[in-house]
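Number of protein chains: 4
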Amino acid sequence: MPEDAARTPADGRTPVGILGATGSVGQRMVGLLADHPWFRVAYVTGSERSQGLPYREAARWAQSSPIPPAVAHMEVRATRVTGEAPLVLSALDASVAGPVETAFAQAGVLVVSNARSHRMDPDVPLIVPEVNPDHLGLLEAQSAQPGGIITNPNCSTIGLALTLAPLHRTFGVRRLHVVTLQAVSGAGIPGVSSMEILDNVIPFIAGEEEKLERETRKILGQLSNGEVEPASVQVSAHCNRVPVIDGHLACVSVELEGDPKPEAAAEVMAAFRGRPQGLGLPSAPRRPLHLLPQEDAPQPRLHRDLEGGMAVPVGRIRDCPLLTLRYVLLSHNTLRGAAGGSLLTAELALAEGWVPGRRGTP
Amino acid sequence: MPEDAARTPADGRTPVGILGATGSVGQRMVGLLADHPWFRVAYVTGSERSQGLPYREAARWAQSSPIPPAVAHMEVRATRVTGEAPLVLSALDASVAGPVETAFAQAGVLVVSNARSHRMDPDVPLIVPEVNPDHLGLLEAQSAQPGGIITNPNCSTIGLALTLAPLHRTFGVRRLHVVTLQAVSGAGIPGVSSMEILDNVIPFIAGEEEKLERETRKILGQLSNGEVEPASVQVSAHCNRVPVIDGHLACVSVELEGDPKPEAAAEVMAAFRGRPQGLGLPSAPRRPLHLLPQEDAPQPRLHRDLEGGMAVPVGRIRDCPLLTLRYVLLSHNTLRGAAGGSLLTAELALAEGWVPGRRGTP
Amino acid sequence: MPEDAARTPADGRTPVGILGATGSVGQRMVGLLADHPWFRVAYVTGSERSQGLPYREAARWAQSSPIPPAVAHMEVRATRVTGEAPLVLSALDASVAGPVETAFAQAGVLVVSNARSHRMDPDVPLIVPEVNPDHLGLLEAQSAQPGGIITNPNCSTIGLALTLAPLHRTFGVRRLHVVTLQAVSGAGIPGVSSMEILDNVIPFIAGEEEKLERETRKILGQLSNGEVEPASVQVSAHCNRVPVIDGHLACVSVELEGDPKPEAAAEVMAAFRGRPQGLGLPSAPRRPLHLLPQEDAPQPRLHRDLEGGMAVPVGRIRDCPLLTLRYVLLSHNTLRGAAGGSLLTAELALAEGWVPGRRGTP
Amino acid sequence: MPEDAARTPADGRTPVGILGATGSVGQRMVGLLADHPWFRVAYVTGSERSQGLPYREAARWAQSSPIPPAVAHMEVRATRVTGEAPLVLSALDASVAGPVETAFAQAGVLVVSNARSHRMDPDVPLIVPEVNPDHLGLLEAQSAQPGGIITNPNCSTIGLALTLAPLHRTFGVRRLHVVTLQAVSGAGIPGVSSMEILDNVIPFIAGEEEKLERETRKILGQLSNGEVEPASVQVSAHCNRVPVIDGHLACVSVELEGDPKPEAAAEVMAAFRGRPQGLGLPSAPRRPLHLLPQEDAPQPRLHRDLEGGMAVPVGRIRDCPLLTLRYVLLSHNTLRGAAGGSLLTAELALAEGWVPGRRGTP
């Protein structure tokens, strides 16, 4: 870890590099870091096509808020290892993320990654901050210490895990059936062609069902003896792409121990709080789960922006003729499900002392 | 049954009245009856607003093919009982269909109805022609004979029943989980507001889940002693509205006796034929189920028009971690799932001698 | 004007009634008045269907931000004349707005209306606050003084007028050709059916082209001797409805005196400021017009929310082979083009002393 | 011209090669040639990625009708010059079309191209068969005779030219203003990203406005002394992309000599017929222009398929406050505007004896 970077910068905020900053998740990260109380953008990296250009020219900015001025004129760099910032957020494509993130970690940098490359590595924590913050303990097993790699889950897994966590703690989740209706922003830019999705639905997303099934078990698993034992939850997932810009909806049927009533489950979900709420992390929603009373909620366009897109609205909790209960959840896939999730994880890591050279929060 | 109507008309085709002809399903019926080999439109009825107007002015025609000239200039009538045609297709709204259809039946007319009003009446057949043509036998128990009422199921039930039928016959279906992604045309015109559905999904359709659960059991049931014993199949349904014009998609997980492999189920589905195919009914698809090999099929825009919208494409047959198998099906909701389904049922009724005064097909 | 209402309320803010508060523009008004520094909602009115219900039940809330708590539990009233608040914002439907607004004015209330009913009345100001604030002088001619009626223009006119104003002042606008691509929210809720607009465009909006042509001339006109002499600008308008939620786009070709270059026009537009900017009205954008440099801007989804939806982005200023110049403008039709426009007008009226019993701003 | 290819094939139909057959326009060509009475597909070519694969695997088939069986199993070839077929339809990308098409022509093949590469070459006819069939005479000037190159215009130009032609002949068109609302299929596959166009409109299409302005003048021009003198029509075009699958809409204001009334223009347009109608070409619509009486027509989803997508519906003919008349037109951009237009041109060329080695039609 280079001493220079670790030292308190002029404004006291921790410098952060953004890897793969020009894509759709990278743009969201840049947007969220504008005026962040703990972090400031130290540099941005991009693909060969972008390198050397000012960020505002390199990124095809597709957000409805303008490019933060502090970044607009930054020159986009190649994604080369540097210790200039003790922390990086990685929005790299999975095709390149693996070795690059490892190299940053070995250079003493803490990498919080949105890519799938290291998610299932036994010594890499897969974090939803409200659900399994203790899994950060896996970092101790990583050879790169004080550098290391933390991942956040697939965009469709995060919302599911947040709703399952309180049910699992209170009742025990045995198995579940989940069908997702996922927004096109989940596929990035250009991603899904308009010819594929206008007046249409695609009942398949490559690799997504496997990720949902596998990652859910790891997140709900137990850390003991430096290993995460996956939860023995059976998951059947079916993933669809729908013509929605942002917001993944999921229809869930779940089997719970003790056969609780919908009202009991609703109560447990509404009361759910996690460590980000306890610590008052800057990006933490006040309530991770919002229970909506309307019979036709949640809906992507109406509810995806609840608490800045960091809360997960839940609705239609009711009996299931086959398993125990059914409900619908929504999560903003590029905020809570990607950039915002990474940022909240980075805030957790800083607060708990995992960022090299930084002693907790400002 | 008025003798005049029953007598062979000039062109030998059976005259048919269309009740509620100006709405979205009624328009489809009008379109399908243009150049029909067995039927010709005798009259069209509509609400007060439409009465007395020529059809082309009364209907806000929303089909991509033009209004059939034979109907374009017909005057829209009030929906008053008449025996002028021995057969009527009813696209009436459920709020008015019940007593009107009963009155037509009692006047000796055979009513084939798309409305939900009589579907669950014990003596009214709920027909998917390939699945339960023998249920037409229930007509004998109706007091209105030779008039009577036949219904076709809800638009989302028809496709599901068609895929379950061969599995149920061969293996036995124990229970199933179905999540639908339904097109806006299912709600008629004006139906779903654009403000509700652009860039959005609505995870609720009033009454739809109950219909799916209840009607499926009746259709798969056994007729004996003049009654239909519902199949003992447990169904958990979740219905969503998506921004698609036509074509209801359904993600199905099903538990089958004997735990068959996906290949065995695929074979049984591909081989499925029913009475409409045997009889060569004019609107019958050559194959009720089309198994699509692509990993991302079926899709509404690409596959809803297979065999004139009367075939049901099926894809992604695969193991289910919870039940036995999973698959995706698509059905064209205003063709196979409504107007085309009614017409095929009417053709079956004519071919089997149920239309008053008509001895089978021309 | 009832003395009670005019007296400073507990919190010093002017009480405001909202007429027709449950519809799409009414909802936007309610949203914008949450935490407003000068105004507070005194009461909300609605149609018979809504009366007596708490607002949160009466309104089918379709905004992505939650209902402001102060209004959520207010009981929706009938739209009956009351002097309880010295100012009302009217989002009434044009079918009822005319006489109701007159009655409020005669009871001594200042009505700022979004309805078209009184827009072309000779003694009623039709205000775009940056363009013709002096037209408020027409109020003096209204018989209802101190009550009165002020209107804001049609949603598609406001953006056009804002871009024309600086060109007209500097160069003189002789004639123009405008083709609009208008969002569905402009038609309210339910408004445009999804069956009409998915995968489609409708090249007609009833009455819209006439409004654009007529209102533009009044807004750009001169007030003298208590009358507004319409500008002698020839306008050819064609209006289309497109599948966009919010944001009216307009493609404009304009003929200017003196044949200025695109650069000169751009400079004049970028420098444009009006009285709202001078007075620092709470809802005023810092810059009414934002000139965007991208070759494919402005776009509804990306740019409609500039400055809280109150700024009008302009792009593609270039030569026209037929007239002088061409450009593209975008305006948020339910913010700047309706609720936000009304509110800014109300702020202007308060600041300039037209609200009965209120001496300027807090 | 290889003798073999020119000889009558077994079934008497002229063999045709399709260059660039796997893209969106190529797919339409393949679809239209299924069961064509005059032509049969001899071979299909594609990019490196596709070569050697059977067509059904190489093409991401995105049409709602299935792949014609005769082509489904054809192996996709490299686009190498061959005289195997006397005629080729080119759906090549403009980035490669130029020299490849020239090479085919020099090998004695008649190339009918949808690419823009040769459209403005002085000796290359730019054909809308109903408008300027005599421009085929330019072929005589091409050095490659009997091979040669014919082009069809840009997808947005064809519909405009078809509506202008009868007006120009009868009255004379002096200048016009056109704003297009273009479908995403015009950009091919993947083309426009769903992230760019859902809930959005893009007010810019690279190069499109120039093409519209330039090509219109050439098509309406006069052939004399082996050269086409462009019509002296001034065109101001603005092109937008809208979220519609197929169908380009255009809002036109036109200045005509003699100031005719809308009724006179409508009469002239309705009566318009061209050589394809006279010759009874297989793909010719009975009427090139359909005048629709509804106040809100034409609309892409409802009217794009008129006469198999080969007719151009026109509506809202009315006075223009600035020029003479205004109207709206729609053309199916991948049928009449691309593949269908190329095919109709090929039919014209065959009928008039321009296909090497073929003496007119079968």
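These protein sequence lines are chains A, B, C and D, in that order.
Take the first sequence: its position 343, counted from the start at 1, is 343 in this note's numbering, and no numbers get skipped.
Add 362 to a position in the second sequence, counting from 1, and you land on the number used in this note's numbering.
Add 724 to a position in the third sequence, counting from 1, and you land on the number used in this note's numbering.
Add 1086 to a position in the fourth sequence, counting from 1, and you land on the number used in this note's numbering.
Glycine is no exception: its CB is placed at the ideal position from the N, C-alpha and C atoms.
Under the three-state reduction of DSSP, which class applies to residue i: helix, strand or coil?
i	result
C1325 (chain D)	strand
R1372 (chain D)	coil
H1254 (chain D)	helix
R1166 (chain D)	coil
P54 (chain A)	strand
F1290 (chain D)	coil
R1082 (chain C)	coil
R752 (chain C)	helix
A1269 (chain D)	coil
I742 (chain C)	strand
S1318 (chain D)	coil
S771 (chain C)	coil
I581 (chain B)	helix
L611 (chain B)	strand
R399 (chain A)	Here chain A comprises residues numbered 1 to 362, so residue 399 (chain A) is not present and cannot be evaluated.
L1067 (chain C)	helix
L1284 (chain D)	coil
L1436 (chain D)	helix
How about residue i and residue j: are their beta carbons less than 8 Å apart?
i	j	result
N878 (chain C)	R840 (chain C)	yes
R56 (chain A)	A72 (chain A)	yes
A708 (chain B)	L451 (chain B)	yes
L139 (chain A)	L92 (chain A)	no
L329 (chain A)	I1331 (chain D)	no
G52 (chain A)	V109 (chain A)	no
G439 (chain A)	S24 (chain A)	Because chain A in this structure spans residues 1 to 362, residue 439 (chain A) falls outside the shown range and cannot be described.
L1298 (chain D)	C1337 (chain D)	no
P655 (chain B)	A646 (chain B)	no
I149 (chain A)	I127 (chain A)	no
Could you work out which residues of chain C lie near residue i, taking near to mean beta carbons separated by less than 7 Å?
i	result
P1316 (chain D)	Correct list: empty, because the minimum Cβ distance to chain C is about 14 Å.
S479 (chain B)	Ordered by position in chain C, no residue passes the 7 Å Cβ test against S479 (chain B), which lies about 24 Å from the chain.
Please list the partners that residue i has in chain A, where partner means a Cβ-to-Cβ separation under 8 Å.
i	result
P1362 (chain D)	The premise fails here: P1362 (chain D) is roughly 29 Å from chain A at the closest Cβ pair, so nothing lies under 8 Å.
Could you tell me which chain C residues have their CB closer than 8 Å to the CB of residue i, listed as they occur along the chain?
i	result
R301 (chain A)	S788, I969
V1111 (chain D)	None at all; the shortest Cβ gap to chain C is about 19 Å.
List the residues of chain A whose Cβ lies closer than 7 Å to the Cβ of residue i, in chain order.
i	result
I1275 (chain D)	S193, M195
For residue i, return the contacting residues in chain D, with the cut-off set at a CB-CB distance below 9 Å.
i	result
V1036 (chain C)	None at all; the shortest Cβ gap to chain D is about 14 Å.
Residue i versus chain B: which residues are under 9 Å apart at the beta carbon?
i	result
R316 (chain A)	P565, F566, H600
Exercise for review: Name, going along the chain, the residues of the region 62-75 of chain A whose beta-carbon falls closer than 9 Å to a beta-carbon of chain C.
Suggested key: Of all residues in the region 62-75 of chain A, only A62, Q63, S64, S65, P66 come within less than 9 Å of chain C when Cβ atoms are compared, listed by chain position.
Point to revise | Sequence ranges, beta strand (DSSP E) only - wholly within the region 853-890 of chain C, length at least 3 | key: Given a length threshold of 3 residues, each whole run of the beta strand (DSSP E) inside the region 853-890 of chain C is given here in chain order: 872-875.
Review point. Going along the chain, which residues of the region 588-622 of chain B sit with their C-beta nearer than 7 Å to a C-beta in chain A?
Key: If the cut-off is 7 Å between Cβ atoms, the region 588-622 of chain B has Q596, V597, S598, H600, N602, V604, P605, V606, I607, L611, C613, S615 near chain A.
Check your understanding: Where are the beta strand (DSSP E) runs, 3 residues long or more, that stay fully inside the region 1338-1391 of chain D, in chain order?
Key -> Taken in chain order, the complete beta strand (DSSP E) segments of 3 residues or longer contained in the region 1338-1391 of chain D are 1375-1377.
Check your understanding: In the region 1151-1197 of chain D, which residue ranges form an unbroken beta strand (DSSP E) of at least 3 residues, counting only runs that do not cross its ends?
Key -> Along the region 1151-1197 of chain D, the beta strand (DSSP E) occurs as fully enclosed runs of 3 or more residues at 1173-1176, listed in sequence order.
Check your understanding: Any residues in the region 320-347 of chain A with a beta carbon nearer than 7 Å to a beta carbon of chain D? Which ones, in chain order?
Key -> Within the region 320-347 of chain A, no residue has its Cβ closer than 7 Å to any Cβ of chain D.
**Study point:** Proximal residues, the region 195-214 of chain A versus chain C, C-beta separation under 9 Å
**Key:** Those residues of the region 195-214 of chain A that come within reach of chain C (Cβ to Cβ, closer than 9 Å) are L198, D199.
**Study point:** Runs of alpha helix (DSSP H) lying entirely within the region 1385-1425 of chain D, each at least 4 residues, in chain order
**Key:** Considered as a whole, the region 1385-1425 of chain D harbours 1386-1389 as its complete alpha helix (DSSP H) runs of no fewer than 4 residues, in chain order.
Review point. For the region 874-908 of chain C, which residues have a CB atom closer than 7 Å to at least one CB atom of chain D, in sequence order?
Key: Contacts with chain D (Cβ-Cβ distance below 7 Å) from the region 874-908 of chain C involve R899, H901, V903, L905, listed in chain order.
Exercise for review: Report the residues of the region 1000-1022 of chain C with a CB closer than 9 Å to any CB of chain D, ordered along the chain.
Suggested key: From the region 1000-1022 of chain C, only Q1018, E1019, D1020, A1021, P1022 have a Cβ closer than 9 Å to chain D.
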